[in-house]
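In my numbering, the protein residues as written are 190 to 372.
Every residue, glycine too, gets a C-beta built ideally from N, C-alpha and C.
Please read these numbers as outputs of a predicted model, since none were measured by experiment.
Everything on this sheet refers to the single structure shown next.
Structure (structure tokens):
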């Protein structure tokens, strides 16, 4: 575990009440890596040898989605999970949405194995506090949505953080809230 933490870059215990990202990757992948990318990335420059950063080495059973609110409302791609966490074997994701953890899932085990099943489906979201949200995701109009939103920003102030998190996996999807969205 100590080697996975990559020296001083990762910690299992932090001031965060809900735990560190390294604990989440340890539980999901068996490795306590602070990196969410796929495979190994070598980082270095002209003055230093390229050092490996070990990310997620295999597709996990349960996925991980991350949304951190930023001042400009844009996604920081360097801190986003790779496809091995975004597309797990089961349609279950541990989510970190604006610093709060929850679980997002679909009851159809075939959801991620069948392209047509991912066109329109329901998702359940449970927070750590036990709140349930039910929402429908529709990716059929993804192309129309992209064209329509090209002239305006996608991340309006009124868009719930959970919806922004879902768009990190299904970009351009239409989200219909069957229960009131979380605040």
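Cβ-based burial, residue 240 [other Cβ within 10 Å; buried from 16]: exposed
Nearest-angstrom Cα separation, counted from residue 193 out to residue 319: 32 Å
Cβ separation of residue 286 and residue 351, assumed to be a contact under 8 Å, to the nearest whole Å: 5 Å
Reference residue 245; option with closest CA among 229, 305, 371: 229
Three-state secondary structure (DSSP) of residue 304: helix
Among 312, 321, 367, the one whose alpha carbon lies nearest that of residue 355: 312
Where residue 354 falls: helix, strand or coil (DSSP): helix
Supposed contact pair residue 363 and residue 330 - C-beta distance, whole angstroms, cut 8 Å: 6 Å
Separation of residue 310 from residue 340, as counted between CA atoms: With a pLDDT of 38 at residue 340, under the threshold of 50, the predicted position of this residue should be treated as unreliable, though the coordinate-derived value follows. Distance between the alpha carbons of residue 340 and residue 310 is about 28 Å.
DSSP-derived helix/strand/coil call for residue 212: helix
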